[in-house]
Amino acid sequence: MAAATTKLLLSDLASTVKSVPSNYIRPISDRPNLTEVQISDGSIPLVDLQVLNGPSRLDIIKQIGQACQHDGFFQVKNHGIPETIINNMLTIARAFFKLPESERLKSYSDDPSKSTRLSTSFNVNTEKISNWRDYLRLHCYPLQDYMHEWPSNPPSFRYNYVRGLVLRLPEAISESKHGQHMALNYCPPCPQPDLTYGLPGHTDPNLITVLLQDDVPGLQVLRNGKWLPVSPIPNTFIVNIGDQMQVLSNDLYKSVLHRALVNCDKERISIPRFYCPSPDAVIAPAKDLIDERHLAFYKNFTYAEYYQKFWNRGLAAEGCLDLFEVSTA
Ligand code: OGA
Ligand code: NI
Numbered sequence: 004m005a006a007a008t009t010k011l012l013l014s015d016l017a018s019t020v021k022s023v024p025s026n027y028i029r030p031i032s033d034r035p036n037l038t039e040v041q042i043s044d045g046s047i048p049l050v051d052l053q054v055l056n057g058p059s060r061l062d063i064i065k066q067i068g069q070a071c072q073h074d075g076f077f078q079v080k081n082h083g084i085p086e087t088i089i090n091n092m093l094t095i096a097r098a099f100f101k102l103p104e105s106e107r108l109k110s111y112s113d114d115p116s117k118s119t120r121l122s123t124s125f126n127v128n129t130e131k132i133s134n135w136r137d138y139l140r141l142h143c144y145p146l147q148d149y150m151h152e153w154p155s156n157p158p159s160f161r162y163n164y165v166r167g168l169v170l171r172l173p174e175a176i177s178e179s180k181h182g183q184h185m186a187l188n189y190c191p192p193c194p195q196p197d198l199t200y201g202l203p204g205h206t207d208p209n210l211i212t213v214l215l216q217d218d219v220p221g222l223q224v225l226r227n228g229k230w231l232p233v234s235p236i237p238n239t240f241i242v243n244i245g246d247q248m249q250v251l252s253n254d255l256y257k258s259v260l261h262r263a264l265v266n267c268d269k270e271r272i273s274i275p276r277f278y279c280p281s282p283d284a285v286i287a288p289a290k291d292l293i294d295e296r297h298l299a300f301y302k303n304f305t306y307a308e309y310y311q312k313f314w315n316r317g318l319a320a321e322g323c324l325d326l327f328e329v330s331t332a
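Numbering of the sequence shown is given in the numbering used here, commencing with residue 4 and proceeding in unit increments.
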């Protein structure tokens, strides 16, 4: 027992074990293959962003609005990020997690407030059950404030990650007052994938997330009470609504539960980019949506308050929106 559990990072433990260590095993009621939860058919909408520049722009905007209301998720193609950049980002992420342990540990921290850090699971300070994942989190806006903290190994890390940041969502984000974080998620092969998660069901605490996944399936999205696997499509990004957008839209747009499964023979890399309000931004349902007949469902709060609750509460609670609802009593 002692030898295996002294590793800080899962990447250095996973290949040494033939079964999942007990701290990764979920209670029977909370495992990926719940027989009562069916796998849903279909897929989340795929939006062609090139059409935004043409005569059918309004159709696409309507399609995106529908997706935000019904699925909370959509995929985008023809987004303008070259295939070589996408492939480089995935290759470099893989290479980063293959660096010698001593090299990777230079970035290690379990303090969620640090702007660049490598860690494992979700929040090792508060959680009881671990997730089958290591991750590197990077703040990336304003870029010049953070880039010097990023890993300098592999050597082309900074170059390629900066080039991967060109996807802008200017309509959705206030340009002056926001933050962007990125994560490199690494899930090593898992000897017993039915006992654990890469990430258990959760909603994202930020405004909008844009996720790049490699070609290994794992992401599932909750739709009508069923889990819908999101099959990887090369060169597409997955976009999802986070908790802050649900609050701003007063529940019109949905921050939907999703999770990441692991598998026995392949490692999986995913790279989400989280668009966030700045910490002192006051979040509340947009005034235009509120009147005597449409009451606000949420109290005012700052993003910093919300974000702190998110990291303290952990992923077990499936989100923190309930803590900020207007009480109906
Ligand atoms: C996340 C997330 C999904 C994935 O990092 O918040 O939901 O497929 N990731 O890794
Ligand atoms: Ni997520």
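The beta carbon of each residue, even a glycine, is placed where N, CA and C say it ideally should be. Fair warning: this is a prediction, and the values are worked out from it, not measured in the lab.
Spatial neighbours of Thr314 in its chain, beta-carbon cut-off 6 Å, leaving aside the 5 residues before and after: A quick correction: the sequence has Trp, not Thr, at residue 314. Only residues of its own chain outside the window of five on either side were considered, and among them Pro115 and Asn126 have a CB closer than 6 Å to the CB of Trp314, listed in chain order.
Neighbourhood of Met4 by C-beta distance below 6 Å, restricted to the same chain and skipping five residues each side: Caution is warranted here: a pLDDT of 45 is assigned to Met4, below 50, making its placement in the model unreliable, and the coordinate value is therefore given only provisionally. Once the five neighbours on either side are set aside, Met4 has no close Cβ partner at all.
Asp207 beta carbon near the ligand OGA (any heavy atom closer than 7 Å): For Asp207, the Cβ falls inside the 7 Å cut-off from some heavy atom of the ligand OGA.
Expected contact under 8 Å - CB spacing of Tyr189 and Phe100 to nearest Å: For a cut-off of 8 Å, the C-beta gap from Tyr189 to Phe100 is around 4 Å, short enough to register as a contact.
Where Val337 falls: helix, strand or coil (DSSP): With the chain represented from 4 up to 332, any question about residue 337 goes unanswered, as that position is not in the structure.
Start-to-end residues for the alpha helix (DSSP H) that takes in Asp137: For Asp137, no alpha helix (DSSP H) encloses it; the enclosing beta strand (DSSP E) starts and ends at Asp137 to Tyr144.
Per-residue burial, Leu141 [other beta carbons within 10 Å of its own, 16 or more giving buried]: With 16 or more Cβ atoms within 10 Å of its Cβ, Leu141 is classed as buried.
Simplified DSSP state of Asn90, which is helix, strand or coil: Looking at Asn90 - three-state DSSP - the assignment turns out to be helix.
Outcome for Asn56 when other beta-carbon atoms lying within 10 angstroms are tallied against a minimum of 16: It is exposed - the Cβ of Asn56 has fewer than 16 other Cβ atoms within 10 Å.
Cβ-Cβ separation, Val259 to Gly75 (assumed contact under 8 Å), whole Å: The pair is a contact, with the Cβ atoms about 3 Å apart (cut-off 8 Å).
Proximity winner among Trp135, Ser159, Ser124 and Leu170, relative to Tyr144 (alpha-carbon distances): The residue with the shortest Cα to Cα distance from Tyr144 is Leu170.
Around the ligand OGA, Cβ to any heavy atom closer than 5 Å, ordered along the chain: Going along the chain, the residues that qualify are Asn188, Leu222, Ala263, Ser273 and Pro275.
The alpha helix (DSSP H) enclosing Arg166, as first and last residue numbers: Here the alpha helix (DSSP H) through Arg166 covers Phe160 to Arg166.
Same chain, Cβ closer than 7 Å to Leu102, five either side skipped, listed in chain order: Taken in chain order, the residues that qualify are Asn156.
Exposure of Asn163, with buried meaning 16 or more beta-carbon neighbours within 10 Å: Buried.
Beta carbon of Tyr149 nearer than 8 Å to that of Thr119: The answer is yes: Cβ separation under 8 Å.
CB-CB length for Arg29 against Leu198, believed under 8 Å: Yes, Arg29 and Leu198 are in contact; Cβ-Cβ is about 6 Å, under 8 Å.
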